[in-house]
Each structure stands twice: as C-alpha cells, then as structure tokens.
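A short write-up of the structure that comes next.
Protein chains: 6
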Amino acid sequence: MKNVVVRNVERAPADIVRELGEHGVATVHEAQGRTGLLQPYMRPIYSGARIGGSAVTALVHPGDNWMLHVVGEAIRPGDIVVVGLSAANTDGMFGDLLATSYQARGALGLVIDAGVRDVRDLTEMAFPVWSKAISAKGTVKATLGSVNVPVVVAGQIVNPGDVIVADDDGVVVVPRKTAAQVLEAARTRVANEETKRKRLAAGELGLDLYKMREPLARAGLVYVDSLDELE
Amino acid sequence: MKNVVVRNVERAPADIVRELGEHGVATVHEAQGRTGLLQPYMRPIYSGARIGGSAVTALVHPGDNWMLHVVGEAIRPGDIVVVGLSAANTDGMFGDLLATSYQARGALGLVIDAGVRDVRDLTEMAFPVWSKAISAKGTVKATLGSVNVPVVVAGQIVNPGDVIVADDDGVVVVPRKTAAQVLEAARTRVANEETKRKRLAAGELGLDLYKMREPLARAGLVYVDSLDELE
Amino acid sequence: MKNVVVRNVERAPADIVRELGEHGVATVHEAQGRTGLLQPYMRPIYSGARIGGSAVTALVHPGDNWMLHVVGEAIRPGDIVVVGLSAANTDGMFGDLLATSYQARGALGLVIDAGVRDVRDLTEMAFPVWSKAISAKGTVKATLGSVNVPVVVAGQIVNPGDVIVADDDGVVVVPRKTAAQVLEAARTRVANEETKRKRLAAGELGLDLYKMREPLARAGLVYVDSLDELE
Amino acid sequence: MKNVVVRNVERAPADIVRELGEHGVATVHEAQGRTGLLQPYMRPIYSGARIGGSAVTALVHPGDNWMLHVVGEAIRPGDIVVVGLSAANTDGMFGDLLATSYQARGALGLVIDAGVRDVRDLTEMAFPVWSKAISAKGTVKATLGSVNVPVVVAGQIVNPGDVIVADDDGVVVVPRKTAAQVLEAARTRVANEETKRKRLAAGELGLDLYKMREPLARAGLVYVDSLDELE
Amino acid sequence: MKNVVVRNVERAPADIVRELGEHGVATVHEAQGRTGLLQPYMRPIYSGARIGGSAVTALVHPGDNWMLHVVGEAIRPGDIVVVGLSAANTDGMFGDLLATSYQARGALGLVIDAGVRDVRDLTEMAFPVWSKAISAKGTVKATLGSVNVPVVVAGQIVNPGDVIVADDDGVVVVPRKTAAQVLEAARTRVANEETKRKRLAAGELGLDLYKMREPLARAGLVYVDSLDELE
Amino acid sequence: MKNVVVRNVERAPADIVRELGEHGVATVHEAQGRTGLLQPYMRPIYSGARIGGSAVTALVHPGDNWMLHVVGEAIRPGDIVVVGLSAANTDGMFGDLLATSYQARGALGLVIDAGVRDVRDLTEMAFPVWSKAISAKGTVKATLGSVNVPVVVAGQIVNPGDVIVADDDGVVVVPRKTAAQVLEAARTRVANEETKRKRLAAGELGLDLYKMREPLARAGLVYVDSLDELE
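Protein chains in written order, with the working numbering: chain A, -15 to 215; chain B, -15 to 215; chain C, -15 to 215; chain D, -15 to 215; chain E, -15 to 215; chain F, -15 to 215.
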C-alpha cells in the first residue's frame, strides 16, 4: 500500500457539526440508529469535555508518531484529529508539544487508538483527548503512514470529513453525508426526552409513561409475592 | 425459568443500613470476615460518593434494559438498585432518564454489572453508579428478565433486601440477616483503629504497635546489612 | 530463597532525586533513552501528584501484607515505597493506617503492583499511590517476604536506592548510578522543548520546525488531492 | 459466615443426568432458554471430553485448596466437583494427586473458577477439567471454606445437586428441579435438527428452510447489485 | 444506515487466491509490507488448517445471527465468510448447522469477530473457523445487518472480494486489486528463504548470513566478558 | 544504558539441569518454595513438550528482533533462549528460520515475553516455544538491545545461566546457585508423592491420608445435614 497524504477533505457544514457536538455522544448514537460508537475502552483523559468536529485522519504504526506531525498541516479550525493504528498499541504517541501545535491550528481535540502522555499539561491546556491508554512510553519517527485515508479506530471506520462527537460517554462517528439527517433525529429525540424527564421527576413510573404494563404481561411476566409461590 | 417480579422484599432496619454505609466498604468487608466484596472491576462513575442501602434487584439480558423500568416500581426510599446480567456485557443500559425516575422514587444509587451512559448528567444529579463500564451503546426493550430474584453481580450473590455498601473502594454486599452483627463488628473495628492511627501518626512503627518483631523472627526473617552477606 | 531485610540502602543525592521528580515521567523516560518505564496499567489513585524519591522495596506474596509493616522501619524522609509481588494480584494490600505510618516516617508515596484501598482517605491525606487496582479486598499477615531486595514491578527491575519518578503519566525507574547523568539529559531536553513550544504555539508546523519535509519525501510519502488519483 | 460442610445433596435421577451430558452444552443451553451458561473464559484443559454429572460444590479462597480435600469425601460416582472462589484467582489449585483421589471416588471431572496444574498427567488420566487458567502456582492449606453450599462460578450460581454439562463449547448448569423438563426440550431440539441438517447438507438455503425471506423483506432488507445504487 | 445485501462481488482469480493461501499468513503478511493482519486474539478452533479464499462479508449485531443465514446465499465455491460485529461480542453465533450449509455451498471456512460453538462437530467436519471466542451462548434472529458491505474485523477493514489467508498464525487480508502483486512478492520471499534455511540448518549464524556484525558495531553494540567490565 | 553482549555465561552442571527438566514445572516450583514461576499467560505453542536448560538471555524492544540473531552466537547445546521485552508487546518476533538456526546450535527451546509465528513449522520441527501470544506480525531490525544481561520475563527476573524448566503447566526459573539444592528437594517431593498416589488411587481420602480432620475441626469447620440447620 502506498503511503499518501490526501489534501482535500470535504467537511460537513460547521453549524451542523457544532450542534451535533452539543447533543453529545449518547443522543447522537441513538439518533443514527445505535451505530458508529467506538469501543468503550476509548476514555477521555479528563472529565467534562464535550466536542463535535470534522475528522482529519492519520494511519500510523505502533511506536511511531511521525505522521502525527504530517497531519498537523491538514488541520482546519473545528477539526478533530483521529488516529488509527496498524496494530494494537498503547505507547504514548502524543504529548504537550503536539497539542500546542494542533491547538494553534484550531484543532478541538484528539481521538487516538493508542496512548498519550503529558496528561497534566493537556488538562491545563484544556486540550481534550480520548485514548486507549495513558503511557509515557516514547515513540520514534521512522516509518511512513498515511494522512486523510479511511482508518479503523476502536472498531469503527472513520473517513476524513466524518463528524466526530466525543464526551464523557465515549466517541461516536457520523458519516459526513448523513450528518444533517442525524442532527434532525437528534433534535427530535431531545425534544421528546424533555417532557419525559419532567414526568419521571414527578414520580411517574416508566412502566406507565411508556405504557409497558400490557406488553410485559403479554410477554409473560408474572408478579408474585414471594419466590415460594412458584414451587 | 419463569420471568417473575417478586413484590415483597424484607429489608434490614433503616438505621443499621445507614450506619453500615457510613463505615464504608473496606471496614464493612473486614467486619464480615473479608467476604462479600464484588470484583474490583466495579468502579464508581465519579469519586467521593459513599452510600449504604437495601438491594432491590433486577436480572437482565445483555443489551436489553426493559426490566430496569419494571424494577423502578419496587424502589422504596433508601434502596439501591442492583443489576445482574445473564451474560457478560458492557452496553450502556442506564442513563439520566432512568436515574431521574429512580431518584424520584428515593433510590440512593445503582450497582450494575454492565455499562452506563450520560455520566456527566448523573454526576450533576449526584446519582452515584458503580458499573463495569461507561458506554453510550444503547439497548432495546425486547426480552423479559426478573425483578427481586437472587442475582450474581461481579462474582457475588445478591439477594433482594441484602445491604449494599459502595464507595470509592468498591462495593460490598452484607446478607440482610447478619447486618446487625456485621455492624457491631464494624463499630469495634473503627474504635480500635482510632487509637492505632494516632500512635502511627506519632511515628510509632507498625512493627512495635502490632508486636510483630517476635513472630517475624520466629518465622525466620533475617536482617543483614547487605545481600552479599548471604553468599 | 531466604527471606531477608537489608538494612543498608545507598541513595542518590537528594537534590538530584528531587529535580528528577520535578521533570516528570515523560521527560525522565526520554532522558534515559526510553527505558525504565513501568507498564501503563500502573495508575495514580488521584490526579495531579508528581513525586521523585529513592526506592525502598518490599517483595510480598498475594493477599499478604505483612512485609509492608517491616518495610516501614526502612523509610527515610524522601523515600518512595516500591512493592513487587511474587505473583499477579489485585488485593487491597495498603490503606490509610499504613499510609499514616509511612507519611509520619517521611515517605513521599507508594508504588505497588497490586491493589490499594481507603482511596478517599489517601486522597485527603495527599498520600499518592500508583497501583494496579483499587480494591477493598483485605489481606492476611502470614507469609514472609523480603525488604530492600531487587523486585520486579510492572515489568521493570527496581533496586533499593534507585530513583523513582511518578506522575499522571505513570512511573519510571532510574538506576541510582546513572541518576546524575539522566538528570543532565533531562535538563537539556527541557531547555530544547521550551523554544519549540513557543514556535508551535505561534502556528509554525512541526513539519517545518523539525525539517521533516525532505526526509518524508525521501521515504516515499506522496501527496494527492484525492485517493482516486492512486487507482 | 460460618464455614460448613453440608452432608446431604439431593441429586437428579442418574439417567436424566447422563442423557443431558450426551446432548452437550450448546443443546442443553438452548433447551433451557439460553440460560445457565458459565462465562466463556472457562476452557477445557484438553479437547474432546463431554460429561454430564451432579454438582458437589466447594467455596474456597484464592491460593488455598484445603477444602478441595474436604469435598473429596462428598463425591459419589457420577458427580462433578464444582469450585467457586471468594475472589478472582488463577493459582493452580488442583493437580494429579487430587485427581487420582477424585477419580477413585467416581468423580467424572472438575469445574473450577481458578487454575489447575499437572495438565499432562490429567490428560493421560482422562480426567477432564474446565478452568479459568493453567498455572503451576502452588497453594496453601490454611483457611476454611465450605462444601456443598451454593457457589458462584464464572458468573452463574451452582447449587449442590444441580446438573452440570461440560464439553468443548464450555459449561452449563441445569437446576436439579428442572432437569427432566430441560431434557425433554433437548430431545425435541435434537430431533428437529436432524432433518434440517440433511436439507442444509443437500444445499438448501437456511433462507428457504427457515422461511426467512418474507420477514427479512418486511424488516426492510434491501437487495442491490452494488453499493453505488444507494447514493 | 440502510441494511443491504450487495449481490455482486468481484473476486480475484482463483489460482492467485489459492496460491496465496498455500503461502500462509506469515509470508503473505510480510509480502504486503506487514499490513493487513487481524489482531492476534483471532484464533483457529483447531490446529493445522491453512486456507486462502475470497471474502463474502456480513455485518451483524451482538447476539443476533440472522444475517449469517442471508450471507449463505452469497457463497460461491472457494469463498470464506467474514463476519464483523457492530459492537464487541463473544456469543456463539455460528454452529454445526450453519457450517453444514456453508460447506454445502462451497465455503472453505469462517472468520468471525465473535464466538462460535459446536467446535467438536466443526472439527470433525473439517470446517475451520477463526474466532474471538468459543462460547455456547445462543443468539436470536431479530435485527437486520448487511451482506457484502465493507466490515471491520479484529481491527482491519475487509471488503467483499478481498483475499483472506488464515492458518495457525492468524488471519491476513489482501485487497483484491493488489493480490497478484502480493503473490509475486510472496514467491520471491519463499525462494529467498529456502537457501537461508539450509545455511542456518548447517550451523551458519544469522549474524554472518545477514552480514549484521558491521551494522551492529556501528550502532554501538559492545561485547564484554562480564557486566563488571562496565562499572 | 549501554547495549552489551556478555560473552561468559556460567551454567549449572548439565546433569542437574536435565534432571530438573524431567521433574517438570509444578514439582520444581514447589521444591523451591513456590517461587520463580512466570505468569500463567506464558503458554506453550503445542502440548506435551517438557524441557530443562540453561538460560541465555536477550533484552529486546517491541517489534524489533535484531538481538535474536545476536543471541544465536551465545547458544551452547542444552541452552534455552529467554527473551525479555522493554515494553509489553505481542508481535511475532520469532519464526521457523530463527528456530532452524537455534536448533542447529543446540538450543532446546525458547521462552519469549512476546509473540511467535510459523507455529505449524515449529511444531513439525519439534522446537518448543513458550510465549505470550501467537502472531504473524513481523518485526524490524533497527534498535540495539542486550544479550546475556538480567531480564524480566512475565514477572520474573532471569539471569543468564539460571535453569529454566518449561512444560504444559508453564515456565519456572531456578537460580543457578541453588539448582542442586532445589533438585534435592524435588527428588524428595517426588518420592513422597508416589506413596500418596497409590493410597489415593485405592480410595483413601486426602482427609485421612493428610490427617486433616483434627485441624479442620479446630479451625471451626462444622458438618450439617442441611443449610437449614444453621438458621
């Protein structure tokens, strides 16, 4: 396979990307039919961050972060750098110097299927990272990878220009072409939930709110006073 | 196996349950002879919470949170919902809507051998959860489970009405019938520790405080100035 | 193997140890040629601590913390207790009483290839611990181990008197004899990074700062406008 | 909790137990509604064994196999010894001497949520074991556990006298009281499968055999010649 | 995302596919520049099988094997069925009935990022499977997935029609378009190795055969009689 | 740290090494007081091999097998090559060509804390390997390590010249200096076991053979006919 840098990345409209980010991972994941979620081993290095951005991608090799410098040139304000690995790895491929550079170019954060380091500095800089591990293990710059090709990250395919949403619940990818329609579904979902939240807060049971009693009975659920009744 | 909801749950006296909670997991676990501790993969979604409550239980299937609505009706103030799975799973079976409902019913928290989501909201609501994972992966409502039957959670059997204590150190289950006697043992332990803490803080060695020098010597421990003496 | 306590531990000069600690794990790990890093499963129980100290070591058996009392006598101000296990284990071998004692003797923290408990107390005491797990599982005091012998901790050999640096990025060990020379390399590295950080913050690309364009081209990296060009 | 040995174990009829064993794990697991399967980390130490027997149980502590001698007295011909642990452990708690004893007493095999050793000898003796690990790590005989109490093994509750079926696919537990009815369901399932196997072997598609085409279409499955049709 | 079945799959020439299979995973992986290897958790259910075939793919959901029947219709002789999951799962999604059907259609084997069962039957049928787990856990047929779309399997993207090679060393995917050129490289590699094997078997050192002494010295490797020389 | 090759390795007498190998891992591990066992993730690539030999060691970096050629020159007949990694790794660092060379030099096998490949060839050659993983992932030859320095392998320190025993139960290391005394203890243990095996095979209970009834009663073990007696 040739090692390439693809210059052109088509992105979704900025307002759509931003609003998807505001809805958060759980809502967006539901809104696109429970697809696109990265595996749950991807965790934020600090709590409370929630971002939505367009993916610029890098495909790199274990223990080699050369391409993380190359992808820097591809960053546009509002982007999220997404890094896939050619084989499983937990080395600390990214630290505060690269974060300084990415932030200066307008990147909102990083999603990497490997390790990061300098996490105290990254936290102070408010540069959020979702990663597989935290590790100080350093890397070399010896082997080419690629930039802005499709990558596999924590079990999902991410294409350059796809929308990435990340928060404390994890990371979800939305294909660029369906971003508008997923946003529409997310809005509907949020509106629906508001009413429900109020009724549940007032003590109404989900059993009644969602009209579950009849289907539960039909499925065969039995109420007893004690397990002894079943003998 | 029939899918049942058991209506009657006998609980331990409220003051016993509350005081067990105040002692915390490490103390209660010691007080009942180092038994009852859930496996350490059960972690709190945020730091600092410490609760004690009576278990209402749900047995559910991977990727299906239907019974988490059914168990809602069983909650009494001071309860902790405890969820066992029929097979290993990390899906996000519980989120802010269910938490709103549980909290309105008086639940103190959740212990679930699977994943949760909306962790930022749960943190803001101060609704503590101990779980195996954090994951936005949504679930369906298609298959029956049971409510208030004995469940296996992270390697321990939890019966409805058992006392659950959970804090930053993990989760421990105390059988309802022995709760009073475990509490007594916990009180004794805490009283003993207070004196020891002061003496250790003053610089006294555990070796002397616990009178270990003689048994160590008897067991054969040798003091040398350097490893070379052993050659 | 005999069970011994070695009384004499030669330590590196205090100012060298302290300054290594200030540089942090990632810098020190790089400064000694990317060696000495403990495996990344070793995590701090709370964020933000950064320490450098001299290792006093204990070799213990799973579920038995007897030697953690014996090692207490060996602590000198500025030391870090480093605990290796004879077999993999996650039990909570260390809690607030031992921490009270260690802190009173001047220990800066603990590195243990097993579990710890009372983490809320440890956090309030500001006694940092890097461990494999958090677990309330209690231990016995029945089997001898050794104190101040070489131990394996998370994949690295730690000799008594070696320098330990630990922070949010993990734990690194520096052999006592090379501590001065590693410190020199760390200082050089930090000085170099300061300039780079400023240029990157100003928007200069790593590609240019590190003069990577020519070697990347030589290695065969190809720039295209779209992947279709490659067909 | 008191440490007890329960002398009386009620077992299911021998012919039912034996026939359940012959049907194997996958069939029996299906026949009881996909419940009762131990987690898949339980693996046989050699391939090809398939057994069905009545459970005699032991609850033991990590690194301590004292109770494995106590349970020996409880074995009746046709039994399977089932060992639960009070905390996760991989030590080699069982070897060829215990196997010699168990086999002499009529045991058909062992299911243990920990490690075993002497696997070459056990293989030569044709004494099958399903375990979490293979490890030569030896154990002590110091702490009491219990015999013939309910135990948790790899996520399932096993009561003394329950039926255990184990083969290359894993281990399943059938409650004693429902053994006859599960066997009935297993027989029906096997009879049904025989016809299907022949038709599938003859090249008939599952799509047609199971009449899936219509429900698939109703669920919305679309057939296209190429993904480009969807743009 | 729409759920689709793509009817047309372009395959590489049969003789190229077959010969790639004969070269085995290690050789083919090297021949395409150390890319395309599935993660090493993918293991064969029995030793000794080595196959090469064209991928027909299925994207399925955890615990639901409906699409494994749909993909059956897509199998042509010489194909290998490759199954990706929408989320991590170890359920036993495939057993002897499906294997009977696939084998009747000409499939050479299965690669699945989940569990399989009936492994004794599959072994007797000589139908090889590479999977993430062995588990008897049964599945439902309730949710649509897709057939012959690109899937992620154990960290690699597999497109329908790609060449799959699998043996005791694991599984590697070769993009259809580069299959001929990878085969060429594999042949060259094998030819080279034959000579080397003979010289190494005769006792010649790799150090000399590969002319490593000079580069090792240049890189700074030092020969000493004992570590004490270094002090 | 300097990268060195140490030429002189003192080995234990050949007959002692060989006889330790014949006793196997479980016996030797017990004979030296339950120490020296490598973690149980180290597994043989095929069943049935049992070897004892003197360690020649290599310290290598993840994904780089250069030093595995350098260590080849250090092999003497009866040696076992033992490879430690500077960081966790599962790449396939060793295959049939290196095995051909090692075998030609008289090596009995390999113990490596990483992955291996060509396992079918290695099995046919009867060259046994104990490893952390099987993986076809290839490696480079770019970074120096060391030969015949102390290494950490799966949690144990191995010094050049130490005795290694490996079989289906795992791998144990015996320090060179204590080899004779460990052998003596192993012989005693084996002699003792023979008598016990016969008595156990004749149906005598371990309870009686080991005179456990009295200590069990003293420790508080209670015999009941049913759990109901305890209420």
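All C-beta atoms in this analysis are idealised placements derived from N, C-alpha and C, irrespective of residue type, glycine included.
For a cutoff of 9 angstroms on Cβ pairs, would you count residue i as touching chain E?
| i | result |
| --- | --- |
| Asp212(B) | no |
| Tyr30(F) | yes |
| Ala126(D) | no |
| Ser119(F) | yes |
Assuming residue i and residue j make a contact with CB atoms under 8 angstroms, what is their CB distance in whole Å?
| i | j | result |
| --- | --- | --- |
| Ile118(D) | Arg101(D) | 7 angstroms |
| His7(D) | Gly190(F) | About 33 angstroms; that fails the 8 angstroms criterion. |
| Thr41(A) | Asp75(A) | About 19 angstroms separates the two Cβ atoms, so there is no contact after all. |
| Gly47(D) | Val147(D) | That belief does not hold up - the Cβ atoms of Gly47(D) and Val147(D) are roughly 30 angstroms apart, past 8 angstroms. |
| Asp153(C) | Ala10(C) | 5 angstroms |
| Leu205(C) | Asn(-13)(A) | 5 angstroms |
Cβ of residue i less than 9 angstroms from any chain D Cβ?
| i | result |
| --- | --- |
| His45(E) | no |
| Tyr194(F) | yes |
| Gly37(F) | no |
| Asp48(F) | no |
Taking 9 angstroms as the threshold (beta carbon to beta carbon), is residue i in contact with chain B?
| i | result |
| --- | --- |
| Gly145(D) | no |
| Leu81(A) | no |
For a cutoff of 9 angstroms on Cβ pairs, would you count residue i as touching chain C?
| i | result |
| --- | --- |
| Asp75(D) | yes |
| Ala110(A) | no |
| His13(A) | no |
| Gly139(F) | yes |
| Arg18(B) | yes |
| Lys(-14)(A) | yes |
Hey, could you find the ends of the alpha helix (DSSP H) residue i is sitting in?
| i | result |
| --- | --- |
| Ile0(F) | -2 to 15 |
| Val166(C) | 163 to 185 |
| Gly154(A) | Where Gly154(A) is concerned, there is no enclosing alpha helix (DSSP H), although the beta strand (DSSP E) it sits in stretches over 154 to 158. |
| Asp212(B) | Counting along the chain, Asp212(B) falls outside any alpha helix (DSSP H), and DSSP gives it neither H nor E. |
| Ala201(C) | 197 to 203 |
Which residues mark the beginning and the end of the beta strand (DSSP E) in which residue i is found?
| i | result |
| --- | --- |
| Gln23(E) | No beta strand (DSSP E) contains Gln23(E), which DSSP labels as neither H nor E. |
| Asp192(A) | Looking at the DSSP string, Asp192(A) is not in any beta strand (DSSP E); the run it does join, the alpha helix (DSSP H), is 190 to 193. |
| Asp151(F) | 147 to 151 |
| Val142(C) | 140 to 142 |
| Val206(C) | 206 to 208 |
| Val136(A) | 135 to 137 |
For chain F, check one thing: does any of its Cβ atoms lie closer than 9 angstroms to the Cβ of residue i?
| i | result |
| --- | --- |
| Glu3(E) | no |
| Ala72(A) | yes |
| Val66(C) | no |
Compare the C-beta of residue i with all C-beta atoms of chain A and state if any pair is closer than 9 angstroms.
| i | result |
| --- | --- |
| Val208(C) | yes |
Please confirm whether residue i has its beta-carbon closer than 9 angstroms to some beta-carbon of chain I.
| i | result |
| --- | --- |
| Gly187(E) | Protein chains in the displayed structure are A, B, C, D, E and F, and chain I is not among them. |
Item to check | Any 3 or more C-beta pairs closer than 8 angstroms across the segment 127 to 134 of chain C and the segment 48 to 62 of chain C | outcome: yes
Checklist entry - Given 8 angstroms as the limit, is there contact between the segment 171 to 178 of chain D and the segment 20 to 31 of chain D, that is, 3 or more CB pairs closer than that? => result no
Next on the checklist: For a minimum of 3 consecutive residues, which ranges assigned as the beta strand (DSSP E) are wholly contained in the segment 85 to 118 of chain F?
Outcome noted: 93 to 100, 113 to 118
Checklist entry - Is it true that the segment 196 to 211 of chain E meets the segment 178 to 188 of chain E, where meeting means three or more beta-carbon pairs spaced less than 8 angstroms apart? => result Too few Cβ pairs lie closer than 8 angstroms, so no.
Checklist entry - Can you list, in chain order, the stretches of the beta strand (DSSP E) that have 3 or more residues and sit fully within the segment 19 to 82 of chain E? => result 35 to 44, 63 to 69
Checklist entry - Is the segment 160 to 167 of chain C close to the segment 80 to 92 of chain C, with three or more CB pairs under 8 angstroms? => result no
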